[in-house]
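Inspection log for the structure reproduced underneath, given as structure tokens.
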Amino acid sequence: MVRIPKGYRVDATPSQHQEPLFEPSSEQICIQTSLPPVFLDQMLENHGTTGVFRDTHPLLRAPDHDVTSSSLAFFSERRIQSLSQQLGNDRLNQLVETIESIIRSRLLAQGPSSSSSPISFKHPSDIEQVSLDKIRLYTDSYFNQLHPTYPFLDRHAFEDKVFGPNLSEELCANSAFSALYHTVLALGCQYHEGGAFDPGNGKAWKLFQVSLGLVSDILMPRGTLMGLQALIAMSIFAMTTCCLQIDEVLLIEATRMAQGLGYHRALATGDQRHQNTCYRTFWVLYYMEKHMCFHGNKSSMISDFDIGCPIPYVPESVFGEYNWFLSAIKFGRILSQAYACVFSVSAALQTTEAHHIAIDEIEARLEKWRTEVPVGFRPGMPLLDPNCLSSFFPQPNFKMIVLHTNFSYYALTIALSRLNVSVSRQTQPQRQEKSKRLLMYTARAIVEGSKNVDIAAHTPNFILAVLPLAALFILFDFVVHNPTHPETRNNLALLDVAAGHFSLLDYKTGGFLPGSILTEFAHIARQFVKDYDINQLRPPQQEPTEMGSSITGFTSVDTEISMQPHETNGNDNNNAGLQDNMIESWSPREFLNYPITPETTLHGVPENPRTTQYNIQTLFGFMVPEFGHDQ
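Following UniProt numbering, the numbering of the sequence shown begins with 1 at its first residue and continues without gaps.
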């Protein structure tokens, strides 16, 4: 028996003149790579590394180790305790518990007291009959109101089938077309008093239920363009309040089918018209999926590195100088980059300096995108009245395009600002103060923009409720932690405006979405400020606070003083900051208090700025983790 020395390798069939090759052990191999770190690599190297848990927490409460995420956010348990201590009562905790109970029973159809029936994918026994005049009305409404925003259909080809002599045969023989047809009618019907905020009610839902009953027929065979279009149309319908239980399911299946069809690459077959329709369909799916994944705090199923699909010119999605289709794709790309670079699990491995560099790059890309948007649509500018621009923008969905553009920008700005507040608390106080201000001004802009939101069944949840709700919580947090700040009066006024928005939502939905309960946040905040002012008139009971601490007398771990990024104007929310030397003219009352307390993350590293997120699945149709993070 021949022994082979350690460190040497002998091929199975060595040649007569071949020398044995030295093979180093794994300990002797040194890897120098410029590849970004991935958390999986850390777990592979250290088998004892604690993993990142999935979300199993109550709806409005996050565990204390959770910090910022790409999603909009509510309160952690520690944040609720902090706010309750400031308030001096338990009203906030009781309010959160009440909201959680309502969401579970009424919106998510969970628990024995649920007032909503679970959505089924069964074919209805009776199919809603629609007259030819109504078919034409609903189809026109769809293509006028929604098609410019989601231009994935070839209108002429679709209408040729709908108004052709063989419609009945097509509906019976082609499940994908039948699902697409009934969903288009359901979407158009919502603009003619056929929509409803709750599932199972309204003419639009009856039409949509036909499509739901055909989903299995679409998914089981090999995917087709029409099947993909049907799933996308159904995903658009699922963005509304009546589909809270299934809001992500359909879009996930559409993404899977598009990749199976290879639409992320250029096509070598088919005529130009067919290819353009395929390209349109893919890119509409792209910006819908990127939005869903980013605000759901999950990685996209579409790999940007593997896309080779041309971007077609879509004239019906061009509003004057604004190419909405191209702009939406660009924004989707920014969301994808932001999640990968600063919000993913592996991004938590970065140093603080690396975080700052990554955030700066995303903010620069975001600002470039913003400035490319024409003034009438541009985020950070006063929202212009669409009625004044009707002669220039005759499209009926102009206002919705403006809201989509602005609210998408504000949501990403909130996510980046929260992360900046966290990672900058020790090394860059000016940067942190800028982020606090930007967070506050963005919340104000959302509340002011909500007056342009149609309280209607066809309005997407993200615009109707999710972002206004996040803005309300942000302003509430700032008021409670800054009762004597010069900006608190404006924040209180806007809290009342936000409360009015949700009261109107309560009224329009017949109480199905009990928005009036959210007015309690405004009441709590206003009463707290009033009581605090009264207490301030009494003899002082505490030591004077130092510069940088809360001027209100509240203790804060985050005590740095920083610059103000904007002039105090809720209508101007761009990223231009004030000069550093302007801080010298500030009085102590002008610095915002926003408590940040260090935590130990799941990675086991104290004060890590990122880790796993707490997600609220399907709250108002989207995942909404904790706001006011405690790091």
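Quick reminder that beta carbons are idealized off the backbone N, C-alpha and C, glycines included.
Residue range L225 to F237 is occupied by the alpha helix (DSSP H) that includes G227. Every alpha helix (DSSP H) stretch that sits fully inside the region 146-226 and reaches 4 residues is listed by chain position as 155-162, 167-173, 175-189, 203-212 and 215-219. If you draw a straight line from the Cα of A364 to the Cα of A338, it comes to about 11 Å.
In this structure, S408 keeps its C-beta atom at 8 Å or more from the C-beta atom of T442. For K290, the uninterrupted alpha helix (DSSP H) run begins and ends at Q272 to H295, by DSSP.
By the Cβ rule, the region 284-295 counts as touching the region 244-254, because three or more pairs are nearer than 8 Å. Taken atom to atom, the span from the alpha-carbon of A411 to that of A173 is near 43 Å. The C-beta separation of P429 from V447 comes to about 28 Å, leaving the pair out of contact by the 8 Å criterion. Where I414 is concerned, the enclosing alpha helix (DSSP H) starts and stops at F398 to V423.
Beta bridge pairing from DSSP links N323 with V318. At a Cβ-Cβ threshold of 8 Å, A525 and L494 do not count as neighbours.
Nearest C-alpha to E433 among N593, V497 and C341: N593. Comparing C-alpha distances from G260 to each of A268, T240, G223 and M239 shows the shortest one belongs to G223. Following the DSSP letters along the chain, one finds A348 in no alpha helix (DSSP H), marked with neither H nor E. Between V162 and I135, the gap from beta carbon to beta carbon is short of 8 Å. For G500, the uninterrupted alpha helix (DSSP H) run begins and ends at T488 to K508, by DSSP. Here the C-alpha atom of T240 lies approximately 18 Å from the C-alpha atom of P148. Between S424 and A498, the C-beta gap is not smaller than 8 Å, which leaves the two residues out of contact.
Nearest to T488 by C-alpha distance, out of F462, A457, I455 and Q527, is Q527. L464 places its beta carbon 8 Å or farther from that of L518. Using a Cβ distance threshold of 8 Å, Q229 and L180 count as a contacting pair. For Y142, the secondary structure class from DSSP, reduced to helix, strand or coil, is helix. With contacts defined as CB atoms closer than 8 Å, A258 and M226 fail to qualify as a contacting pair.
The DSSP-derived three-state label of Q129 is coil. Ranked by how close their Cα comes to the Cα of L214, the residues Q275, P124, L153 and H192 have P124 in first place. T371 is classed as exposed because its beta carbon has fewer than 16 other beta carbons within 10 Å across all chains shown. At the C-beta level, L326 and I311 come within 8 Å of one another. Taking 8 Å as the upper bound for CB-CB distance, A457 and C293 are not in contact here, some 25 Å apart. Contact between S216 and H182 fails: their C-beta atoms lie close to 15 Å from each other, not under 8 Å. In this structure, P486 keeps its C-beta atom at 8 Å or more from the C-beta atom of Y532. Residue burial is scored here from C-beta neighbours: L219 has fewer than 16 other C-beta atoms within 10 angstroms and is therefore classed as exposed.
The C-beta of Q536 has fewer than 16 other C-beta atoms within 10 Å across all chains shown, which makes the residue exposed. The beta-carbon distance between S346 and V38, rounded to whole angstroms, is 5 Å. This is short enough to meet the 8 Å contact definition.
Setting aside the 5 residues that flank it on each side, C278 is surrounded in the same chain by L225, Y263 and L267, each with a C-beta closer than 7 Å to its C-beta; the list follows chain order. The continuous alpha helix (DSSP H) containing F528 extends over residues T519 to Q536. At least 8 Å separates the beta-carbon of V314 from that of P460.
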